[in-house]
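Trainee: Residue numbers (the numbering used here): 8 to 274.
We treat Cβ as the ideally placed atom computed from N, Cα and C, and that holds for glycine.
Bear in mind that the values here come from a model prediction, so they are computed numbers and not experimental data.
Could you have a look at this structure, given as structure tokens, before my questions?
Here you go:
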């Protein structure tokens, strides 16, 4: 393009959604006329895509909200402002109105949303906390994966150690300052501590340790400003049963003396 060029375009007519609502039970964390926050279970896809069925979070929200979701995201993603991976559990917020959608999207883009995750990782870090600032982009050979790559998009993750399970595993709390695809998975692998169950990013089963049922990542807390009145909302999803059971199994795998000496977190 050059200065003085004229660009002509026409906006297509808004197409009604052809998605069928599905009466899937949802765990509602907060709801009003502007937005709804749910505790997404592991195994549920957020929105329809290639290979998905009629059981995504969008299908469930269409039934719960009786179709009252924003249309900004398009007919395949009504109400969806952000997303979690299929195997990641935790807080997801959806917008009911276009105004709320735009206000929430601006907060995610402006990085004023606080996003905290619980992560069970292989190995135990020597430090109590750390910061990861490494650029993320598409893997040069495996395009379905992300990787730390030169020239990738800036990505920033803080982490803090919550609990050690001997030298074999640990529970970390991660704070995301950016929202890159697979950011926590890529960053934790980069420092040598892949998520338990995340074979795509370097996890391998270890003898003597319980086998995780999924990628062990949970979006526990999300803080944002209400799109209508500006008050700060602190939304929290307690760790689900499979996450708590994995922690209990890791504790049992350690010696009784180590278990007794180690402080334990209530999740």
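1. Using a 10 Å radius around the Cβ and a threshold of 16 neighbouring Cβ atoms, would you call residue 7 buried or exposed?
2. Going by other Cβ atoms of all chains shown within 10 Å of its Cβ, with 16 needed for buried, is residue 211 buried or exposed?
3. Can you give me the Cβ contacts of residue 91 inside the same chain, cut-off strictly under 8 Å, excluding the 5 residues immediately before and after it?
4. Indicate whether residue 202 and residue 256 have their beta-carbon atoms separated by less than 7 Å.
5. Could you check what DSSP says for residue 45 in three-state terms: helix, strand or coil?
6. Might you give, ordered along the chain, the residues of its own chain that have their beta carbon closer than 6 Å to the beta carbon of residue 51, omitting 5 neighbours on each side?
7. Tell me which residues share the same chain as residue 222 and place their Cβ nearer than 6 Å to its Cβ, disregarding the 5 neighbours each side in the sequence.
8. Output the residue ranges of the alpha helix (DSSP H) runs that lie fully inside the stretch 97-132 and measure 4 residues or longer, sorted by chain position.
9. Would you kindly check if the distance between the Cβ of residue 121 and the Cβ of residue 143 is under 7 Å?
10. Could you have a look at residue 203 and say whether DSSP puts it in helix, strand or coil?
11. Between the C-alpha atoms of residue 26 and residue 14, what's the straight-line distance to the nearest angstrom?
12. What span of residues does the alpha helix (DSSP H) with residue 189 cover, start to end?
13. By alpha-carbon positions, which one of 189, 208, 138 and 170 ends up nearest to residue 182?
Mentor: Quick answer:
1. There is no way to answer for residue 7, as the model of the chain reaches only from 8 to 274.
2. exposed
3. 47, 53, 97, 99 and 226
4. no
5. strand
6. 64
7. 94, 202, 204 and 205
8. 105-117
9. no
10. coil
11. 34 Å
12. Note, residue 189: premise wrong, no alpha helix (DSSP H); not H, not E.
13. 138
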